[in-house]
Each structure stands twice: as C-alpha cells, then as structure tokens.
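A.B. asks:
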Amino acid sequence: DGLKIDSMLLDADGKALEVCAGGKTNPEVYQTSIPTSAIRAGKTDCVHIMNIYDWGAPHGRWLTNFSSVYTSNDDGRTWERREEVTFSPDSHFSQVAYAKRDGWIYMLGTQAGRGDAAYLARFLEKDLLDMKAYEYWNGESKEWIRGNEAAATPVLRGPVGEASLIWHKKFERWILTYNYDPNHDETPLTKRHAILYCTSKDLVQWSEPKVLAEADRYPALYCAYIHPLKDNDDQLWFIMSMWGPYNAFLMCADMKLE
13 DGLKIDSMLL DADGKALEVC AGGKTNPEVY QTSIPTSAIR AGKTDCVHIM
63 NIYDWGAPHG RWLTNFSSVY TSNDDGRTWE RREEVTFSPD SHFSQVAYAK
113 RDGWIYMLGT QAGRGDAAYL ARFLEKDLLD MKAYEYWNGE SKEWIRGNEA
163 AATPVLRGPV GEASLIWHKK FERWILTYNY DPNHDETPLT KRHAILYCTS
213 KDLVQWSEPK VLAEADRYPA LYCAYIHPLK DNDDQLWFIM SMWGPYNAFL
263 MCADMKLE
C-alpha cells in the first residue's frame, strides 16, 4: 500500500515549512540546503545537512559552504542549527549516513557529491553535539582516533554517493546502499549508473558491492535511502528517487546474504 505519511511540518499558509536555512534565507551565498541523513539520539532528533553553493564542480564533487546539523527537542515541531557541529567544505563527512547500535551512533561519510571514498566515525548518543568526542576510524593504525577528523582513512573505495546505512537484525550485519556513477571510477564496477549495496560485520571490512537497482530498468535513479524500521525480515526496504518523474518511490528487494 505504499508509505503513509500521517502529518507534515507546515507554515502558516499550509505549505511545507523550511526547516534548514537555504536559498530563501541567504540567496547570495546559499543555493540550497540538502538533508543527507537523520537520527534520534535520546530525546533529540537530528538532521545532518550540506549547504550547497555550486553543483558544478569536477570529479563528481558538489561545493559546499559547510555541512552541519539541525536538532529538535519537541518531536520535530521546531528546529535549530547547532553550529558546534560544523564540517568544512572539504570534509569527508560533508554527506553522511547515520545508524545506531549499542549506544553508539555510527557516521559513514563522504565529501559532498558522488565521487569520494567512504570514511567512518562514531560517537555516543549523549555526545551528538560534542565533536571533540567524535572518534574516527584509522585503517593504518587499526584504531579509533578521538577528536581528529584528519585521522580518518577510507573504509570503502569510491565513488560513493548518497549513502544509507542500517544494522539489519535478521541478517546480523550492516547493510550499506549507495549511488554509483561509473564515470568517476577508474576501474568501473558497472557500465551504467546503479544503486549498489554491500555488507559488513564490523563497518571496516566490506563485501564486494552488488547491484541493487540499475539505470537500465530505472532511468536516472538516485538517492536510495533505507527504511530504518524495516530491519528484521528477508527484504530490504528503501525509498529511491528518479529524475524523470522527479519523484521518490518505495522499493522492496528480496535479500539472500551469505
């Protein structure tokens, strides 16, 4: 029956309320603000956003003024930018995929765009707004480095775009989906755009990526985000966008993981 949305955040005119400051707020500097992931930490809802000023950079990059988070403590009725969590324009956490397990929030990130490798960070739920407590995975020393984003090393080779992450209870492993553009890969995995997925037990060692959806069947596909509450059956539920109809579709794929 699809995905039913019971309510939306509206302004006084009954239109969708602008939550994150974008082009309407500062049109000379901000082109738009795009949410990249969301998570609930304790009683706080959090949305990670990238603030775009130019879509046209080379090598699959988009140029940002910054990335940051907005939080709400009243179940999404009001939102506030939290400047204490701000990532620079070149940060490998300009776009992220959040997921929770055992009190930790894991953050798999890339630079803005669809051409970067994937990097990994984590923090306790209580430390959501304390970047000094963020820990970054360093594959050379094989340890978490606290408070030093520059210590992060790739955990998955690029190009990775618009990643989405979940700990799947049925399969007892992490599942990652992402937008794959072969034009930004020196050794392409596919000939055309695709949504790929891979799995991991530790977020560091990942399986070989496999195709979840291809552009041959779904032209101009992008932005496949996993349904966070569908984590305990043999299917992977996700919402995927297509540029042609300029709409998002609820998708379901049967999964058989080795």
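All you need for our numbering is the position in the sequence shown, starting with 1, plus 12. From the three backbone atoms N, C-alpha and C, an ideal C-beta is built for every residue, glycine too. Values in this document were obtained by computation on a predicted structure and should not be read as measured data.
(1) How big is the Cα-Cα spacing for VAL223 and PRO101?
(2) From GLU137 to GLY256, what distance separates their C-alpha atoms?
(3) What residue ranges within the segment 162–212 form continuous beta strand (DSSP E) runs of no fewer than 3 residues, ordered along the chain?
(4) For TYR146, does the count of other Cβ atoms within 10 angstroms reach 16, so buried, or fall short, so exposed?
(5) Quick check on the burial criterion: 16 or more other C-beta atoms within 10 angstroms. Buried or exposed for HIS104?
(6) Suppose you measure from the CA of CYS58 to the CA of TYR82; what does that come to, to the nearest Å?
(7) Please state if the CB of ASN63 and the CB of SER49 are separated by a distance shorter than 7 angstroms.
(8) Beta strand (DSSP E) containing ARG93: first to last residue?
(9) If we call anything under 7 angstroms between Cβ atoms a contact, is GLY173 one with TYR190?
(10) State the start and end residues of the unbroken beta strand (DSSP E) segment that holds ILE17.
(11) Could you tell me whether the segment 175–191 touches the segment 105–119, where touching means 3 or more Cβ pairs closer than 8 angstroms?
(12) Can you name the residues that DSSP bridges to LYS222?
(13) Could you have a look at ALA124 and say whether DSSP puts it in helix, strand or coil?
(14) Taking the beta strand (DSSP E) that ASN259 belongs to, which residues open and close that run?
(15) What does DSSP give as the partner residue(s) for TYR148 in the beta ladder?
(16) Work out the CA separation of TYR258 and LEU233 for me, nearest whole Å.
(17) Find the nearest neighbour of TYR118 within the set THR56, ASN85 and ILE51, judged by alpha-carbon distance.
(18) Closest by CA to MET143, which one among GLU96, TYR131 and TRP116?
C.D. replies: Answer, in terms of the structure:
(1) As a position in the sequence shown, residue 223 is number 211, starting the count at 1. As a position in the sequence shown, residue 101 is number 89, starting the count at 1. As the crow flies, the alpha-carbon of VAL223 is around 30 angstroms from that of PRO101.
(2) Here residue 137 refers to the residue found at position 125 when the sequence shown is read from its first residue. Here residue 256 refers to the residue found at position 244 when the sequence shown is read from its first residue. When rounded, the distance between both Cα atoms is 39 angstroms.
(3) Runs found: 166–180, 185–192 and 206–212.
(4) Taking the first residue of the sequence shown as position 1, residue 146 is located at position 134. Counting C-beta atoms within 10 angstroms of its own C-beta, TYR146 has 16 or more neighbours from the protein chains shown and is therefore classed as buried.
(5) Here residue 104 refers to the residue found at position 92 of the sequence shown. Looking at its Cβ environment, which holds 16 or more other Cβ atoms inside 10 Å, HIS104 is buried.
(6) Reading the sequence shown from its first residue, position 46 is the one you call residue 58. Reading the sequence shown from its first residue, position 70 is the one you call residue 82. Taking the straight line joining both Cα atoms gives about 6 angstroms.
(7) Here residue 49 refers to the residue found at position 37 when the sequence shown is read from its first residue. Here residue 63 refers to the residue found at position 51 when the sequence shown is read from its first residue. Contact: no.
(8) As a working note, residue 93 is residue 81 in the sequence shown. Its beta strand (DSSP E) spans residues 92–99.
(9) Counted from its first residue, the sequence shown places residue 173 at position 161. Counted from its first residue, the sequence shown places residue 190 at position 178. Less than 7 angstroms divides the Cβ of GLY173 from the Cβ of TYR190.
(10) Start at 1 with the first residue of the sequence shown, and residue 17 comes out as number 5. First-last for ILE17: undefined, no H or E at that position.
(11) Proximity of the segment 175–191 to the segment 105–119 meets the contact definition, three or more beta-carbon pairs being nearer than 8 angstroms.
(12) Reading the sequence shown from its first residue, position 210 is the one you call residue 222. According to DSSP, which records beta bridges pairwise, LYS222 is partnered with TYR209.
(13) Taking the sequence shown and counting its residues from 1, the one referred to as residue 124 is at position 112. For ALA124, the secondary structure class from DSSP, reduced to helix, strand or coil, is coil.
(14) Numbered from its first residue, the sequence shown carries residue 259 at position 247. Following the DSSP letters along the chain, one finds ASN259 inside the beta strand (DSSP E) bounded by residues 259–266.
(15) The residue labelled residue 148 in the question sits at position 136 within the sequence shown. According to DSSP, TYR148 bridges with ALA133 and ILE157.
(16) For the purposes of this step, residue 233 is taken as residue 221 along the sequence shown, with counting starting at 1. For the purposes of this step, residue 258 is taken as residue 246 along the sequence shown, with counting starting at 1. Using only the alpha carbons, I get a separation of about 10 angstroms.
(17) Your numbering for residue 118 matches position 106 in the sequence shown. Of the residues THR56, ASN85 and ILE51, the one whose Cα lies closest to the Cα of TYR118 is ILE51.
(18) Here residue 143 is taken as the residue at index 131 of the sequence shown, counted from 1. It is GLU96.
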